[in-house]
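Notes follow once the structure below has been shown.
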Amino acid sequence: MTATPRWNRGRLLVLTALAGILVFLPAALRFIVPALSPFMFLSTLLATRVIGWSSLCAIPVLALVIWRRRGFCRFCCPVGWVLDACAKARPSATCSYARVPRIGQWAALLTLGGALASCPLFLFLDPLGLFVGAAGAVQPPFVASRLAYAGGFVALIALSFIFPSLWCRRLCPLGGTQDWIADAARAVTKRIGHVPSVGSSGQVARRTFVGISAGAAVSVLTFRLPRPGTAPLRPPGAVDENVLKTLCLRCGNCVRSCPAGILQPDLRPGEVTGFLAPIVRFDAGHCRDDCNQCGAHCPSGAIAALPLDEKNECKIGLARIERTACLLTVEKECGACKLICKRQAIVETFSEETYSVTVHVDEERCNGCGACVAVCPPRAIAIRS
Amino acid sequence: MKTMRRRDFLRTLGLGSVMFAGAGRAAAQAIHDGSRIVDAITLSARGGAAVIEDGKVIQPRREIRVLRDTEVLVVGGGTAGVVAALAARRAGAQVTLVERYGCFGGLWTAGLVLIVLCTHVRSGGTHQKMVQGIGDEILARIAKLKYGAINYGPESTADTTTDPEVTKYVLATMLREAGVDILLHSWVTNAIMDGDAIRGVLFESKSGCLAVRAKVVVDASGDGDVCDAAGAESVPHVHRIGLVHRLGNVPGGKAPEGLDLGGATPIPGVRWVNMQGPEGDCLDVETLTKVELDAREALWKKLKKIQDTPGYENVFLLDVASQLGVRASRTLVGTEELRLEDWENKKAYPDVVALGGEYAFLKDRGCPIPYGALVPKRIDNLLAAGRCVAADNRMLNYTRLIAPCMITGHAAGAAAALAVKAQCTPRNVDVAALQALLKEQGAYLG
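So the sequence lines, in the order shown, correspond to chains W and A. If you're matching positions, the first sequence starts at 1355 in the working numbering and goes up one per residue. If you're matching positions, the second sequence starts at 29 in the working numbering and goes up one per residue.
Right, dumping it as structure tokens:
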């Protein structure tokens, strides 16, 4: 092997084009690109049992990978292009990873098994999700906390400089899914064609069984058990807290789509599994009743895509009013929370005894949209889960 | 020959009897002067007593004496009415102002709501004075007097609070300086209509029922009484009714937990205490009576609690507002309506005639008020100002405040004067000319 630098014009062009795509990737593509992944398609299908129109994107890809093993990696995967270009920039010999186990395929199987119990364990490793996360992170408007979404993609690039092609060949669960699909498809066609089942087809079945059972078991044991402590505030329509931690791709689409700017990546989660999952902070505004963008932009269904009226019925949390700080209780002119609340969830009660007014929250009506938080002059209202 | 009237006869008789009695004690000194007996020339204003016909009380048909014939009539001498009268007068119109109490300022003074909210936009990185022109001129004159106001001036970040007596004095002075014709102790009760056009109002007074004829009427009654009497469409509201009071001799420092000592006033040791009160229909006399009585009782209980607190034994009840704190009663259905959604969506009105300061639920930017919110849908020659302008049940919590009343009053007064000058109905007033006049009078329209 020659030690000549591999930066030729073609690769530079590819990288420049990708940098351009990263910055200018339109919102619709940020939604569609992860939806292409059969890994994510199968995992979310099993976990949510919902087929959205985004599933249509994955079906041609599924056909492609059945027809051509790893067809998606070869022709379509933007992460593969980048990592390839980076790897070839390194003037070293090609590495052989023959002895490295197919970690990606095991990750995929565990994830699919977990998905059967609603928790697709390693879904966050989906390279298209990482790619879209990076794209969202570097696109204007620039927000420092969103940079965290680029972390996964940066790590992959760093990895490809040290171990060229290791990710694509052995670690990538999307690649592993494609291998498994191709293997399984071949095993099935052999069975149908009455070809004696020997060797690999038996292995496929065993591997599938072991991986999926283990994934389901882990998912049930770690994510289905009740947990103490209060859950963070999640976007409206978010799935169950434990499921969300695994079903969320960490692509940052919801955070970017929120016009009120109240969604943020959780940088300091109570549990490490919640890292970068979206949380609601009412500093910048409140959840608008004319918006359901976060759900509409979620490729994995971790936030359900709901029509407006249904979304508005989803509880983010509940408003809690600190009575002693409330202006009305000290007879000051206010009532701002009551009149801003479009759900009539804030109720004033007058006591003839004390001849004074107190306000309280109708827990049935309150959806935790946070509209009352910002208008409260003494900041006496907080949304709690 | 002069016919002897009953009074003359009585006077003669009385004189005769005094002389007769005086003969008995001729040397006795008069202890005090008696009152001066005058001819009751206005007795006929009552038009005779009501009668009972078929068991019903019937008021007889009669002619009402027209006490004034004016160009612009402003009903209500509260914040909006005073500013409207000043604006119209300064724009050259002949103005009559009718007020039911003996002082000006309405809830700002007689209601003891001393804080002037919403004069500025202070959040969102700006510090913009929104209430300028006549409203600000009033505040500046109040602040110039000793113990007139606190928190007034460009360096203040808190809301201005004024003294009620200084405010009453300044308002009356400014009205008289401007040459506004004033009628006090006159409670407007009805409208004079000519089809869909209002031609004036009737009011009750110690002189009985009298009329004021006017080319344009500004309803600054707060309750929209004139709009209702004229048949203009309006929306009734139920809101909390309070009764404000002032405490004297209040020691400084932080009040103990749970003790409501209200807000500071310009007078040291005096604080004004707001009351939220129960919800009720402010257009129902029995509700008003009950709340007035209950609230007075309640605030004496509260005072007892304060006086039982160590260090606060010498706090006393300085005064209770002579006007109930009616927050919302009736709003006009205008050709345009202020809605909270519209403010949130930054709706642009082509006919902005007032731009108010921020409030708890209207943060970071001003609140534009369109001319259409002052103009009734159907009735001509009538404008609303102050609390009764067209606003939904949320925005009325803004339009009812003192500073918004100043600016809607300013707009209504200026518009009324323009309508008189142009000999048109207020709805046909040239909005560009109105905006120019308001700016000329110092109003801030952005």
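Backbone N, C-alpha and C fix where the C-beta goes; we use that ideal spot for every residue, glycine too.
Considering just the uninterrupted stretch of the alpha helix (DSSP H) at G270(A), what are its terminal residues? Here residue 270(A) refers to the residue found at position 242 of the second sequence. No alpha helix (DSSP H) contains G270(A), which is instead part of the beta strand (DSSP E) from 267–270.
In this structure, how does DSSP classify P1619(W) when only helix, strand and coil are distinguished? Counting from one through the first sequence, the residue named residue 1619(W) turns up at place 265. Strand.
For V159(A), which three-state DSSP category applies? In the second sequence, the residue the question calls residue 159(A) occupies position 131. Reduced to three states, the DSSP call for V159(A) is coil.
Do we get a CB-CB distance below 9 Å when we pair V266(A) with the residues of chain W? Here residue 266(A) refers to the residue found at position 238 when the second sequence is read from its first residue. No, because no Cβ of chain W sits closer than 9 Å to the Cβ of V266(A).
Please classify T436(A): is it buried, with 16 or more other beta-carbons within 10 angstroms of its beta-carbon, or exposed? Position 408 of the second sequence, counted from the first residue, corresponds to residue 436(A). Per the 10 Å Cβ criterion, buried.
Does the region 274–287 of chain A touch the region 339–348 of chain A, meaning 3 or more C-beta pairs lie closer than 8 Å? yes
Short CB-CB distance (under 9 Å) between I143(A) and chain W: Your numbering for residue 143(A) matches position 115 in the second sequence. Judged by the 9 Å Cβ criterion, I143(A) is in contact with chain W.
Using the beta-carbon of each residue, which ones in chain W are nearer than 7 Å to Q304(A)? Position 276 of the second sequence, counted from the start, is the residue given in the question as residue 304(A). Neighbours of Q304(A) on chain W, chain order: L1682, E1685, S1710, V1711.
V1542(W): first and last residue of the uninterrupted alpha helix (DSSP H) it sits in: Taking the first residue of the first sequence as 1, we reach residue 1542(W) at position 188. From DSSP, the alpha helix (DSSP H) with V1542(W) extends over 1527–1546.
Assuming C1720(W) contacts N1596(W) (C-beta within less than 8 Å), just tell me the rounded distance between them. Start at 1 with the first residue of the first sequence, and residue 1720(W) comes out as number 366. Start at 1 with the first residue of the first sequence, and residue 1596(W) comes out as number 242. Not really, about 24 Å apart at Cβ, beyond 8 Å.
Mind the definition here: the region 118–136 of chain A touches the region 240–253 of chain A only if three or more C-beta pairs lie below 8 Å; say whether that holds. yes
Using C-beta distances below 7 Å, list every residue in its chain close to D1480(W), excluding the 5 sequence neighbours before and after it, in chain order. Here the question's residue 1480(W) lines up with position 126 in the first sequence. Within the same chain, D1480(W) has close Cβ partners P1388, S1391, F1393, M1394, P1527, L1528, L1603.
Does R355(A) come out as helix, strand or coil in the three-state DSSP assignment? For the purposes of this step, residue 355(A) is identified with residue 327 of the second sequence, where counting begins at 1. It is coil, neither helix nor strand.
My assumption, with CB atoms under 8 Å, is that V272(A) sits in contact with G161(A). Please give the rounded CB distance. Your numbering for residue 272(A) matches position 244 in the second sequence. Your numbering for residue 161(A) matches position 133 in the second sequence. At roughly 27 Å, the Cβ-Cβ gap does not stay under 8 Å, so V272(A) and G161(A) are not in contact.
Below-9 Å beta-carbon distance, T1678(W) vs any chain A residue: The sequence position of residue 1678(W) within the first sequence is 324, counting from 1. T1678(W) counts as touching chain A.
Below-9 Å beta-carbon distance, P1586(W) vs any chain A residue: Reading the first sequence from its first residue, position 232 is the one you call residue 1586(W). It does not; no Cβ of chain A falls within 9 Å.
Whole-angstrom C-beta distance between A112(A) and A440(A), which should lie under 8 Å: Within the second sequence, the letter at position 412 stands for residue 440(A). Within the second sequence, the letter at position 84 stands for residue 112(A). The Cβ separation is near 5 Å, so the contact holds.
DSSP state of M221(A), grouped into three classes? By one-based count along the second sequence, residue 221(A) stands at place 193. Of the three classes helix, strand and coil, the one that applies to M221(A) here is strand, per DSSP.
Identity of the residues DSSP links to L125(A) by a beta bridge: As a first step, residue 125(A) must be located in the second sequence, where it is residue number 97. Answer is V102(A), I210(A).
Can you give me the C-alpha to C-alpha distance between L1396(W) and T147(A), rounded to a whole angstrom? Indexing the first sequence from 1 puts residue 1396(W) at position 42. Indexing the second sequence from 1 puts residue 147(A) at position 119. When rounded, the distance between both Cα atoms is 60 Å.
Confirm, please, whether the CB-CB distance from G385(A) to L135(A) is below 9 Å. The residue given as residue 135(A) occupies position 107 in the second sequence. The residue given as residue 385(A) occupies position 357 in the second sequence. Cβ atoms of L135(A) and G385(A): not closer than 9 Å.
Quick one: which chain A residues come within Cβ less than 7 Å of E1689(W)? In the first sequence, residue 1689(W) corresponds to position 335, counting from 1. The question names Glu, but residue 1689(W) in the sequence shown is Gly. Chain A residues near G1689(W): N425.
Between the C-alpha atoms of M202(A) and C416(A), what's the straight-line distance to the nearest angstrom? Taking the first residue of the second sequence as 1, we reach residue 202(A) at position 174. Taking the first residue of the second sequence as 1, we reach residue 416(A) at position 388. Approximately 24 Å, taken between the alpha carbons.
Would you please state the rounded distance, in angstroms, between the beta carbons of D322(A) and T315(A)? I believe it to be under 8 Å. Here the question's residue 322(A) lines up with position 294 in the second sequence. Here the question's residue 315(A) lines up with position 287 in the second sequence. Wrong, their Cβ atoms sit about 10 Å apart, outside the cutoff.
Where C1427(W) and A1502(W) are concerned, what is the direct C-alpha to C-alpha distance, given to the nearest angstrom? Walking along the first sequence from the start, residue 1427(W) turns up at place 73. Walking along the first sequence from the start, residue 1502(W) turns up at place 148. For C1427(W) and A1502(W), the distance between alpha carbons rounds to 25 Å.
At least one CB of chain W closer than 9 Å to the CB of N421(A): is that the case? Working through the second sequence from its first residue, we reach residue 421(A) at position 393. So yes, N421(A) belongs to the interface.
Based on Cα-Cα distance, which residue from Q469(A), A464(A), H438(A), L429(A) lies nearest to V141(A)? Reading the second sequence from its first residue, position 113 is the one you call residue 141(A). Out of Q469(A), A464(A), H438(A), L429(A), L429(A) has the C-alpha closest to the C-alpha of V141(A).
Compute the beta-carbon to beta-carbon distance between A1488(W) and A1504(W), rounded to the nearest angstrom, for a pair I have assumed lies under 8 Å. Counting from 1 along the first sequence, the entry for residue 1488(W) is found at position 134. Counting from 1 along the first sequence, the entry for residue 1504(W) is found at position 150. Yes, A1488(W) and A1504(W) are in contact; Cβ-Cβ is about 4 Å, under 8 Å.
Who are R1738(W)'s beta bridge partners in DSSP? For the purposes of this step, residue 1738(W) is identified with residue 384 of the first sequence, where counting begins at 1. DSSP lists L1672(W) as partners of R1738(W).
Considering just the uninterrupted stretch of the beta strand (DSSP E) at S1705(W), what are its terminal residues? Residue mapping note: residue 1705(W) aligns to position 351 of the first sequence, counting from 1. Element bounds for S1705(W): 1700–1705.
In the DSSP output, which residue or residues are listed as bridge partners for T420(A)? Here residue 420(A) is taken as the residue at index 392 of the second sequence, counted from 1. It is Asp, not Thr, that sits at residue 420(A) in the sequence shown. Paired residues: none, contrary to the question.
Buried or exposed: where does E468(A) fall if 16 or more other Cβ atoms within 10 Å of its Cβ makes it buried? For the purposes of this step, residue 468(A) is taken as the residue at position 440 of the second sequence. It counts as exposed.
Out of A115(A), A225(A), V208(A), M158(A), point me to the one whose CA is closest to L462(A)'s CA. For the purposes of this step, residue 462(A) is taken as residue 434 along the second sequence, with counting starting at 1. When only C-alpha atoms are compared, the closest one is A115(A).
Quick test of the definition: if touching needs 3 or more C-beta pairs under 8 Å, does the region 1649–1660 of chain W touch the region 1727–1734 of chain W? no
Bounding residues of the beta strand (DSSP E) (the contiguous stretch that carries D1643(W)): Walking along the first sequence from the start, residue 1643(W) turns up at place 289. Segment: none, D1643(W) is in no beta strand (DSSP E) and carries neither H nor E.
Considering only the alpha carbon of each residue, which of D1643(W), E1707(W), T1678(W), D1663(W) lies closest to N373(A)? Sequence index remark: in the second sequence, residue 373(A) carries index 345 (1-based). When only C-alpha atoms are compared, the closest one is D1643(W).
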